[in-house]
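Engineer: For the sequence shown, the numbering used here begins at 2 and goes up steadily by one.
Here it is, the structure, as structure tokens.
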Amino acid sequence: MQRFMKGNSSAKWWNRTPCSSTSHASLIIRTAVFLCLAFSGMISHAWMNQEGVPGGIVAIPLKEKSDTRPQAQFQDHPIAVVRQDNKWIAVVGLPLSLKPGTYHIISQQTSYPFNVHSKDYPEQHIKLKTRKHIDLSPEDLRRHKGEKILANAAFRHFEAQLEPDLSFIQPVQGPFTSAFGLKRFYNGAPRNPHSGLDIAAKTGEPVIAPSAGKVVLTGEFFFNGNVVYLDHGQGVVTMYCHLDEISVEEGQWLEKGQLLGKVGATGRVTGAHLHWSVSLNDSRVDPLLLLSALDKK
Numbered sequence: 002m003q004r005f006m007k008g009n010s011s012a013k014w015w016n017r018t019p020c021s022s023t024s025h026a027s028l029i030i031r032t033a034v035f036l037c038l039a040f041s042g043m044i045s046h047a048w049m050n051q052e053g054v055p056g057g058i059v060a061i062p063l064k065e066k067s068d069t070r071p072q073a074q075f076q077d078h079p080i081a082v083v084r085q086d087n088k089w090i091a092v093v094g095l096p097l098s099l100k101p102g103t104y105h106i107i108s109q110q111t112s113y114p115f116n117v118h119s120k121d122y123p124e125q126h127i128k129l130k131t132r133k134h135i136d137l138s139p140e141d142l143r144r145h146k147g148e149k150i151l152a153n154a155a156f157r158h159f160e161a162q163l164e165p166d167l168s169f170i171q172p173v174q175g176p177f178t179s180a181f182g183l184k185r186f187y188n189g190a191p192r193n194p195h196s197g198l199d200i201a202a203k204t205g206e207p208v209i210a211p212s213a214g215k216v217v218l219t220g221e222f223f224f225n226g227n228v229v230y231l232d233h234g235q236g237v238v239t240m241y242c243h244l245d246e247i248s249v250e251e252g253q254w255l256e257k258g259q260l261l262g263k264v265g266a267t268g269r270v271t272g273a274h275l276h277w278s279v280s281l282n283d284s285r286v287d288p289l290l291l292l293s294a295l296d297k298k
């Protein structure tokens with residue numbers, strides 16, 4: 002597999018340091034608005050109601066009082082458990098394929114139920130000029146299968162000792178185009194739902210780490226083009242596709258905001274943009290759910 006190389010501070014979910022040019026009054030207002038949104042928004046709401054949708058996140062307070070991080074599972078996958086206000090919180094990513102119903106997480110032999118409701122994602126129809134990325138040759142199919150094994154291993158990695166900073170910043174500036182969960186059709190043929198978020202940007206625009214993490218995989222993939230995978234800990238893994246240039250190497254530690262590559266149009270694309278995926282417990286979830294309220298455009 003070809004590799005592209007160019008030669009922690011822990012943070013609460015809601016913490017983000019505004020730029021130094023922000024005035025004191027503006028800082029107070031922005032902080033107040035952000036805290037209000039954070040505690041009345043999706044994550045806090047999920048804690049109280051223990052409900053979610055496919056592609057969403059559920060966060061459940063655990064009963065354990067120990068200083069030792071408890072272990073929790075959902076559908077035989079380990080899930081993130083993070084500390085907040087001296088409480089342990091289980092954070093569960095819900096796969097897009099999940100059916101409505103009542104589900105449970107298990108921690109220390111205690112079962113915690115939560116409900117999942119249906120969500121109807123919109124459709125997107127994409128016209129490709131070439132069928133190379135639709136009708137794969139035997140050689141391309143073998144290549145794709147090999148790359149998928151590497152990608153699956155990266156998404157399933159679980160760094161138990163590393164607590165993720167779940168207050169993400171936007172990895173590249175630009176408008177959101179293809180939303181998460183879109184039911185996609187290429188030249189009329191149905192494909193898997195869009196498991197990430199597309200952000201429009203020009204070739205060469207910098208792509209930064211939205212949260213601190215370790216580079217666990219890089220490469221040039223058939224569909225995803227030049228790609229980088231970051232492991233943020235506790236089963237939180239992010240992916241950055243179609244890069245024009247990769248600026249990191251496997252094993253490298255990145256701080257939040259550090260350059261990882263540049264926007265491009267490699268792999269299966271119709272133009273330059275960043276495809277950004279966020280995975281919790283090997284379930285792709287909507288990246289917008291982890292973007293801080295002040296960073297959403």
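Just so it is clear, CB atoms sit at the ideal spot from N, CA and C, and this is done for glycine as well.
(1) Excluding the five sequence neighbours on either side, which residues of its own chain have a C-beta within less than 8 Å of the C-beta of I127, listed in chain order?
(2) So, H158 versus D232, is the Cβ gap smaller than 7 Å?
(3) Would you mind giving the Cβ-Cβ distance between E206 and V173, rounded to the nearest angstrom? I have them listed as a contact below 8 Å.
(4) Flag this pair as yes or no: are the beta carbons of L261 and L167 separated by less than 7 Å?
(5) Under 7 Å Cβ to Cβ from L99, same chain only, skipping five residues before and after it: list those, please.
(6) Would you mind working out which of A60, L97 and K257 sits nearest Y122, comparing C-alpha positions?
(7) Let me know the secondary structure DSSP gives L63 once reduced to three states.
(8) Could you pull the DSSP bridge partners for Q74 from this structure?
(9) I247 and T219: beta carbons closer than 7 Å?
(10) On the three-pair Cβ rule with 8 Å, is the region 56-73 touching the region 84-95?
(11) Quick check on E148: does DSSP put it in helix, strand or coil?
(12) Let me know the secondary structure DSSP gives P165 once reduced to three states.
(13) Rounding to the nearest angstrom, what Cα-Cα distance links N225 and Q76 in this structure?
(14) Where do the ends of the beta strand (DSSP E) carrying T239 lie?
(15) Tell me where the beta strand (DSSP E) around Y230 begins and ends.
(16) Would you kindly work out how many angstroms separate the C-alpha atoms of V238 and V83, rounded to a whole number?
(17) Is the beta carbon of L183 less than 7 Å from the beta carbon of G234?
(18) Measure the C-alpha to C-alpha separation of Q1 and P139 and round it to an integer number of angstroms.
(19) Using the Cα positions of G53 and G102, report the straight-line distance between them to the nearest angstrom.
(20) Could you tell me the boundaries of the beta strand (DSSP E) in which I170 lies?
(21) Since V54 is in the beta strand (DSSP E), which residue starts that stretch and which ends it?
(22) Report the three-state DSSP secondary structure of L95 (helix, strand or coil).
(23) Report, in whole angstroms, the separation of the C-beta atoms of Y202 and L275, which I expect to be a contact under 8 Å.
(24) May I have the straight-line CA-CA distance separating K263 from C242, to the nearest angstrom?
Structural biologist: The answer reads as follows:
(1) Closer than 8 Å at the Cβ level, and outside the excluded window around I127, lie R185, F186, Y187, N188 and T271.
(2) Yes, Cβ-Cβ distance for H158 and D232 is below 7 Å.
(3) Rounded to the nearest angstrom, the Cβ distance from E206 to V173 is 6 Å, consistent with a contact under 8 Å.
(4) In terms of Cβ geometry, L261 and L167 do not form a close pair [threshold 7 Å].
(5) Excluding its 5 nearest sequence neighbours in each direction, L99 has C-beta neighbours in its own chain below 7 Å: P55 and V117, listed in chain order.
(6) For Y122, the nearest C-alpha among the options comes from L97.
(7) Annotated three-state conformation of L63 is coil, per DSSP.
(8) DSSP output for Q74 lists P79 and I107 as bridge partner(s).
(9) Yes. Within cutoff.
(10) At 8 Å Cβ cutoff, the stretches touch.
(11) Helix.
(12) Coil.
(13) Here the alpha carbon of N225 sits roughly 28 Å from the alpha carbon of Q76.
(14) Taken as a continuous stretch (DSSP letters only), the beta strand (DSSP E) holding T239 covers V237 to I247.
(15) First-last of the beta strand (DSSP E) with Y230: G226 to G234.
(16) Whole-angstrom Cα-Cα distance: 15 Å.
(17) Between L183 and G234, the CB-CB gap reaches or exceeds 7 Å.
(18) Residue coverage of the chain in this structure runs from 2 to 298, which leaves residue 1 outside it and unanswerable.
(19) Between G53 and G102, the C-alpha separation is close to 10 Å.
(20) DSSP places I170 outside any beta strand (DSSP E), giving it a letter other than H or E.
(21) From DSSP, V54 is part of no beta strand (DSSP E); its letter is neither H nor E.
(22) Here L95 sits in coil by DSSP.
(23) It should be noted that the sequence gives Ala, not Tyr, for residue 202. A202 to L275, Cβ: 6 Å. Contact.
(24) As the crow flies, the alpha-carbon of K263 is around 10 Å from that of C242.
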